[in-house]
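Quick notes on the structure that follows.
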Amino acid sequence: MNETVASRQSSISVDDYRGYAGLSPLAGLLTMKEATTKGLTVTESVERIKRIHWALKRLHMALIARIPAMPVYELKMAFSLHAFYCSEHVGEFSKRVREMRQPPYGLEISPDLMLDLFFDEVLCAPSTEALLLGLYGKALPAVIRALENLMADTNKMFDHPTYRICRFTLLELQDAQQYGTEAIECLVKDTDRAELQGWLATLDRILAAAGDLDGSKEKSGEKVERHFSATPYKYDPVPKRDERFIDPYNMGVNAEALLFDPETAALPKTIMLYFKRMREIDVPEMMSSIIFEETGKQWGYYQDMTRQLWDEARHAMMGEVGFVSLGIDWTKIPFNFTWSLGLNTILTPQERHGVLFTIEQGLMPRKGGKENEWEIGVATADPLTARIQDYDWADEVLHAKIGKDWFVPQIGTQVEAMAFGDKVWNKVLVDWKKWKEDGLTEHRNWWPEVYREACKHWGIEPDEKLLAYNKTYENARADLKEVAAG
Ligand SMILES: [Fe+2]
Ligand SMILES: [Fe+2]
Ligand SMILES: [Fe+2]
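Residue 247 in this note's numbering sits at position 235 of the sequence shown, with consecutive numbering throughout.
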């Protein structure tokens with residue numbers, strides 16, 4: 013017996029070590045050779061995690077900050093998704109830091125001022141083209157590199173929780189990177205790149221001075237001067253849209269009055285549902301300003317608010333899907349931006365949140381709310397419309413809860429929070445007549461034309477009475493609660 017043990021022990025080698033009946037040892041995570049030789053200290057691992065955590069935090073805010081004033085719709089949507097990815101992973105990395113016995117955690121403090129310089133430069137990118145090159149040409153590749161390095165250098169078993177978070181983060185950031193690379197191909201011309209060459213080289217030099225984003229390389233020691241961030245960043249809250257979005261002050265078609273009219277058949281209401289969904293572009297535009305300007309909150313707040321911002325972007329895209337399914341060219345429909353414009357430029361961040369809160373609580377009762385919209389969606393007998401409303405409803409229920417979790421405690425009780433939202437909303441006037449007088453819009457009635465097009469798709473004759481529908485938002489103060497955010 014003793015002999016057998018001795019002979020087995022003598023044949024044990026890290027090079028070809030196997031488990032019982034040839035099973036992979038160490039839960040299949042790594043070979044014995046790797047397990048015995050690879051790894052970082054806890055301190056080294058935490059240092060890298062803190063840098064990745066900080067980079068994701070800065071990247072998140074850069075993406076959020078540019079949503080309103082960066083005009084391209086598809087990029088607004090992609091920034092919303094990529095900001096959501098970042099915010100989720102910031103949460104995971106900060107949790108991991110707290111598990112690793114290295115207080116003070118320092119999660120609110122920059123681990124390296126060169127990293128801040130780098131992200132200040134990206135945030136200050138003076139055009140959409142520069143922003144794309146900064147974000148997807150430099151910043152995301154640097155974070156991806158840091159994740160890959162950490163996964164390669166740390167011991168997958170000893171530091172498995174870190175390895176796992178890196179792996180999931182990498183998966184989503186690579187998707188984001190791929191989208192960004194395609195966006196650069198679509199939007200950035202050679203002349204833009206040539207013009208920005210000096211700045212792009214500066215970004216590389218900043219990273220070299222930092223010893224790369226993760227600090228794993230020798231620091232260059234160079235003192236790099238600020239380029240675009242020499243003028244401090246100023247948040248631009250004024251929403252802008254690309255040229256496909258026409259007539260942004262148009263309040264000519266009251267969607268809710270038709271949608272909730274019991275006399276009207278369900279099918280034509282499809283158009284108003286899709287319209288309301290796509291109009292939700294204004295919610296990420298508005299929530300950007302709350303998230304950016306409400307500083308100093310705990311990360312859970314930003315995480316929940318960013319989740320909601322991404323949901324609202326998804327709702328807008330669901331509307332887009334709906335219109336395309338009907339073969340309708342949505343660029344003929346005015347999706348006004350008056351709500352995000354008014355809130356972003358007139359109210360404080362807390363007041364904006366109050367208005368959002370009041371609207372979303374108002375969507376919870378059945379009548380005229382989200383459940384009602386879903387019932388109409390089901391009644392259209394189009395499974396796509398029903399599905400859109402099904403998910404819109406589910407998300408909006410979550411948003412009502414997010415409001416209760418984070419907004420109500422800022423004000424007091426639920427009733428006080430509702431009253432606050434209602435009161436501050438009155439500060440944002442919908443000046444139907446003045447916009448018309450000022451030549452900002454004619455409040456054109458776009459309904460008959462879109463309804464006719466949809467009828468063609470459905471293979472039915474338009475209803476004369478419905479074609480004549482011409483209710484506007486002119487005297488519909490009560491209905492304005494439904495105008496946005498839902
Ligand atoms: Fe919502
Ligand atoms: Fe929605
Ligand atoms: Fe919404």
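Yeah, the Cβ is synthetic: ideal placement off N, Cα and C, and Gly gets one too. All of these numbers come straight from a predicted model, not from anything done at the bench.
Quiz item: For K235, which three-state DSSP category applies?
Solution: coil
Quiz item: Should Y32 go down as buried or exposed, given a rule of 16 or more other Cβ atoms within 10 Å for buried?
Solution: exposed
Quiz item: Cα-Cα, which of A158, M430, L353 is closest to S301?
Solution: L353
Quiz prompt | Cα-Cα separation between A480 and N457, rounded to whole angstroms | solution = 10 Å
Quiz item: Quick one: what does DSSP say C178 is sitting in, helix, strand or coil?
Solution: helix
Quiz prompt | ligand 2 heavy atom lying under 6 Å from the CB of H327 | solution = yes
Quiz prompt | Cβ-based neighbour list, S337, same chain, cut-off 7 Å, excluding 5 preceding and 5 following | solution = L396
Exercise. With DSSP as the reference, label G424 as helix, strand or coil.
Key: coil
Exercise. Examine the Cβ distances between the stretch 23-39 and the stretch 118-128 and report whether three or more of them are shorter than 8 Å.
Key: no
Practice problem: Take F287 as the anchor and find which of L270, M298, R378 has the nearest alpha-carbon. | Solution: L270
Quiz item: What's the gap between the Cα of T276 and the Cα of E408?
Solution: 25 Å
Quiz item: Under three-state DSSP, which class holds Y29?
Solution: coil
Exercise. Could you tell me whether the Cβ of G451 comes closer than 7 Å to any Cβ of chain D?
Key: Among the chains in the structure shown there is no chain D, since it carries only a single protein chain.
Quiz item: Since I61 is in the alpha helix (DSSP H), which residue starts that stretch and which ends it?
Solution: 54-77
Self-check item: DSSP three-state assignment for Y485, whether helix, strand or coil
Solution: coil
Quiz prompt | Which of helix, strand or coil DSSP assigns to Q114 | solution = coil
Quiz item: Comparing alpha-carbon positions, which option in A90, V84, M89, L182 lies nearest F105?
Solution: L182
Self-check item: E292 Cβ short of 6 Å to ligand 2 heavy atom set
Solution: yes
Quiz item: If you follow the alpha helix (DSSP H) that M263 is part of, which residue opens it and which one closes it?
Solution: Premise fails: M263 is in no alpha helix (DSSP H) and is neither H nor E.
Quiz prompt | E494 - DSSP class collapsed to helix/strand/coil | solution = Note that E494 scores 46 on pLDDT, short of 50, meaning its location in the model is unreliable and no value can be drawn from it.
Quiz item: With V250 and A81 assumed to form a contact (beta carbons below 8 Å), what rounded beta-carbon distance in angstroms separates them?
Solution: 6 Å
Quiz item: Out of curiosity, what's the CA-to-CA distance linking N167 and K413?
Solution: 40 Å
Exercise. Measure from the alpha carbon of G448 to the alpha carbon of each residue in P260, G331, V54, then state which is nearest.
Key: Contrary to the premise, residue 448 reads as Lys rather than Gly in this sequence. The candidate whose alpha carbon is nearest that of K448 is P260.
Practice problem: Look at the alpha carbon of L355 and the alpha carbon of M169, and state the distance between them as a whole number of angstroms. | Solution: 50 Å
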